[in-house]
Each structure stands twice: as structure tokens, then as C-alpha cells.
Ligand SMILES: Nc1ncnc2c1ncn2[C@@H]1O[C@H](COP(=O)(O)OP(=O)(O)OP(=O)(O)O)[C@@H](O)[C@H]1O
Ligand SMILES: [Mg+2]
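Residue numbers (this note's numbering): 141 to 609.
Shown next as C-alpha cells:
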């Protein structure tokens, strides 16, 4: 479907004002042409009336005076008094025969009207039409007096008037457009501030507020904007707070569950295995038939212990303090590669010095990596997942940052297309460390998660690091 090009509002309004003004000016021109024609016709009508009266007088004289005037009709007397360039007067009998006609010559036209104007003017006004007045003798019409201006003269008159008017109206139209554009540019200047404010909000800078404006409409927008930003800021702060608490609760719960499983379930399994070994020992001597069952019990307990160990690793990150972040992440990747039997293939790339990051940061990074890898397996259907963790200086303030990137080559779904806790939790973990997170379609397809966390020098990050620790 045809749509209007995306023009600046000022240009669009100026164009509309220009079009409306041009229509008004065209109406003015039409009125002027109409007035010229009407005035000429009224004058012709007056001349026709004078001519008719004169002719009636001549007819009366012919009838009553014994020595009649030279002839009838005699239009010279009227012509002498009323003639103007291009005017014709005539007498037409009741049979339609023109008995006498006198036309005054017109000076050669200095400027001929364009042919297009002449034909439009002729079509609209019929400039050569004559004004008529009946000539009567003894209450009987004997003929009629005619008066008209030649079409060339009428058209030239109209064109002269129009060509005087057009430059004035053209200049007025131009001035009007320029002034309207300037006035609108001035009135709409605050919209730039509104747009900048909206862009800041879109970039998650919720501290953006608009200053007061003079225009009532813009002031209403400003009030609504500021209220919205206040509301959004409060809602997001509450959501962040809630999410942080949930993360803390989840971590606590996982730790608690892991401890319970390890201390209760793990001990019980170890006891079952020890018991099975002891029963087997006795059975080998007294009842060899049940030795097989004892072995099965011991094997089942061993398998359950292995499963429990895997669950414990997922529930509680390995002791990063002892192992270090690099080894923990490598273990995580190796675990996924083992579980998935090589499809998808998980790769890891770590820069030097990763183990020097504070424990609190390391635990969050580990949890983020864990969720990102799970998502890649769960949602992307990827064949290759890459995890990169790098340390480097932050451009601008020279402080050190840690950048975690997890990319896959699977199907990219828009973040938030389905609500889950994973992305939200990752973002909150990053924010709680004073960092930021982005999740978008990767340049080579698939999805790319990127988290940048400042490690030192920025007061926000120091606080975050201390808080995390
Ligand atoms: N690597 C990825 N590839 C494709 N889509 C993804 C990826 N990661 C996340 N998504 C999309 O983002 C949505 C939200 O992810 P999120 O981790 O927040 O929730 P979830 O995994 O569905 O549930 P939860 O993590 O709470 O168990 C997912 O449902 C999915 O559509
Ligand atoms: Mg998830």
C-alpha cells in the first residue's frame, strides 16, 4: 500500500499550509477574473441601453418630424460619446440582420496572453458575448442594440490584471511558507528534548526527565513522560530487588539442598553400600545364593552415589575458592561434553589471570555460564557452543573489566519471547556486580550473550564486588 514518505513534521505542515494558501490565492485570482468580466459586462450593458435610447429617439424623430434625419440607424452620435478601444456597438433588426455596426480599433497589444490562458478564459467567460437592449417603437420591439468588447481586448485586460497579481501572490505564498516553517521549528524545538528523553529511557537510563515547556500540549506530554519514568524506575527497582532476593534465596536453597543430600542421602547410600558388602561377606560363607543380590544392591547404591555427585555439582558450584574459576568452568564444559556425547560440541576459551577475580564475582560468573549453557542446549538446538571469558581494560576509564561471552549456532529466539527466570537472573547478577548484559542474535547466526563486569576503579563495581563478596 502507498504510504506517505517519512517527512519532518515541520515540512509536512508547511506543505499543507502552502497548499491551502495556494488554493486561497487561486480563488482570489478566479474572483479577480470574474470581477473584470462582470464589470466589463455591466459597462457594455449601460452602453447598450444608451444606444437603445438613442435609436428610439431617432425612430420617433423619423415619425414625427417632417424633415427626417439623414437615416436610421445612426450610431455615430453614441460612438462619439461612449467609444473605448475594442468596443463594438450595433443595431440588429427583429429579423436578426445587423443593420449597422461600429467597432473601435484597439492599440496593438504590448504583450499577448499565452494561448493556454486565452482558451481557458474563453471557455470560462465567453469574453465576446454582447450586452443587448431592446429598441421599441410604440410598444413594439423593432430591434435591439448590442454592445461588446472584442475577445482579444477582454482577454488581454484579464491577463494584464492577472500578471500584476501573480507575482504579488507568489511572493506572499513564499513568505508565508518560510514564516510558517520558522514558527513551527521554534514551537517544536522541545520535541527534540522529548525524543532524547525517550531514547535515554529506551537505553535503560531511567533517570531521564523532561524540563518544563511553554506550550500546554507539550507540558502535558512532559508531565505524562515524567510520571511514566518515575513509575518505571520504581517498578524496575522493585523488580531488581525482588530478583536479587530470589537469586540469593535460590543460592541458599541450592546450598541447603546440596548439604542435605550430601549429609543425609549420601551418608545413607554409603551405609547401604557398606551393609551390602558386609552381608555379602557373611552370605558367601553361610548362604552363597544371595551373593548375587548383595552385589546388585552394592552396584545400585554406587550408581545412585554417582548420580548424586552429578546433582551436587549442579546444585553447588565446585569450591571455586580451591579449584579456581578457570578450572571450575573447564569442569562445567567437560561435564556438558560428557553428558551430550559430543553433540553439541562445547568449547571454552579463557584469558590469563581469570583466577585472580574475587570469589563473589567468580560465583556469579559460574552461575551465569551455567544458565547460558543450559539455555543453548534447551532452546537453540545448537551444534556448537562457545564460552569465552576475557579480562581487559575498559575503553575510557582504564579500569579492568571481565567479559563473558556465550555464543551458539542454533536457532535465535528473541529474548523475552517467552518469559523465564534465567535471562532475568543473569541480568540481575550482572547488575549486582555493576556490570551490564546483552542478549542478541549473533552475527554468524544463533544467539550471543555478552556480560561485561567492571572489576576495579569504578566505585559502583567496588561496591558491587564488596556486596557480592
Ligand atoms: N541460547 C538461546 N538460544 C535461543 N533462545 C534462547 C536462548 N537463551 C534464551 N532463549 C530464549 O529466551 C527465553 C527466556 O530464557 P530464560 O532462560 O529466561 O527462560 P527459560 O530458559 O525458558 O526458563 P528458565 O531459565 O526459567 O528455566 C527462552 O524461553 C528462549 O525462548
Ligand atoms: Mg533458562
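In this text, a Cβ means the ideal position worked out from N, Cα and C, and glycines have one as well.
Leaving out five residues on either side along the sequence, give the residues of the same chain with a beta carbon under 8 angstroms from the beta carbon of residue i.
i	result
residue 472	506, 509, 510, 513
residue 393	none
residue 253	261, 295, 296, 298, 299
residue 450	475
residue 460	468, 499, 502, 503, 506
residue 101	Only positions 141 to 609 of the chain appear in this structure, which leaves residue 101 out of reach.
Below 8 angstroms on the Cβ atoms is my contact criterion, and I expect residue i with residue j to pass it. Report the Cβ-Cβ distance as a whole number of Å.
i	j	result
residue 268	residue 291	4 angstroms
residue 149	residue 333	Not confirmed; about 15 angstroms, so no contact.
residue 586	residue 502	Between residue 502 and residue 586 the Cβ distance is about 26 angstroms, and since that is not below 8 angstroms, they are no contact.
residue 369	residue 341	6 angstroms
residue 431	residue 420	6 angstroms
residue 520	residue 550	3 angstroms
residue 198	residue 213	7 angstroms
residue 234	residue 281	6 angstroms
residue 497	residue 415	At roughly 45 angstroms, the Cβ-Cβ gap does not stay under 8 angstroms, so residue 497 and residue 415 are not in contact.
residue 184	residue 289	7 angstroms
residue 413	residue 438	5 angstroms
Can you tell me which of the options puts its alpha carbon nearest to the alpha carbon of residue i?
i	options	result
residue 582	545, 286, 492, 147	545
residue 181	151, 286, 213	286
residue 186	479, 227, 402, 158	227
residue 173	430, 306, 549	306
residue 529	591, 153, 549, 253	591
residue 541	593, 303, 326	593
residue 352	330, 336, 371	330
residue 301	169, 527, 449, 485	169
residue 400	159, 448, 190	448
residue 375	344, 483, 552, 461	344
residue 363	424, 337, 201	337
residue 543	562, 516, 418, 493	493
residue 573	504, 418, 553	504
residue 365	355, 348, 377	348
residue 318	440, 304, 157	157
residue 225	245, 211, 237, 238	245
residue 335	323, 325, 350	350
Go through its chain and collect everything with a Cβ distance to residue i's Cβ below 7 angstroms, but skip five positions before and after it.
i	result
residue 373	346
residue 470	488
residue 397	455
residue 188	271, 272, 273, 285, 286, 287
residue 383	564, 565, 568
residue 464	495
residue 321	150, 154
residue 217	194
residue 571	380
residue 219	229, 242
residue 402	452
residue 161	313, 316
residue 435	420
residue 358	330
residue 483	523
residue 283	231, 232, 233, 234, 275
residue 240	213, 215, 230, 231
residue 515	562
residue 257	299
residue 553	519
Using a beta-carbon distance below 9 angstroms, is residue i in contact with chain C?
i	result
residue 346	Annotation note: the requested chain C is absent from the structure, which comprises a single protein chain.
Ignore the nearest five residues each way along the sequence and tell me which others in residue i's own chain have a CB closer than 6 angstroms to its CB.
i	result
residue 589	512, 546, 579
residue 243	228
residue 491	530, 531
residue 177	265
residue 526	487, 547
residue 602	Since pLDDT at residue 602 reaches only 40, below the 50 mark, its modelled position is unreliable, and the value read off the structure follows with that caveat. So the list is empty, once near-sequence residues are dropped.
Q.
I'd like the ranges of any alpha helix (DSSP H) spanning at least 4 consecutive residues and lying wholly in the segment 188-264.
A. 216-222
Q. What beta strand (DSSP E) runs, 3 residues minimum, are completely inside the segment 442-526?
A. 485-490
(Q) Which runs of the alpha helix (DSSP H) at least 4 residues long sit entirely within the segment 306-354? Give them in chain order. (A) 329-342
Q: Taking 8 angstroms as the threshold, find out whether the segment 310-327 comes into contact with the segment 160-176 through three or more Cβ pairs.
A: yes
Q: Say whether the segment 444-453 touches the segment 408-423, bearing in mind that this needs 3 or more beta-carbon pairs closer than 8 angstroms, one atom from each stretch.
A: yes
Q: Go through the segment 272-302 residue by residue and report every complete run of the beta strand (DSSP E) that reaches 3 residues or more, in order.
A: 280-289
Q. Which ranges does the alpha helix (DSSP H) cover as unbroken runs of at least 4 residues, wholly within the segment 559-594, from first to last along the chain?
A. 562-572
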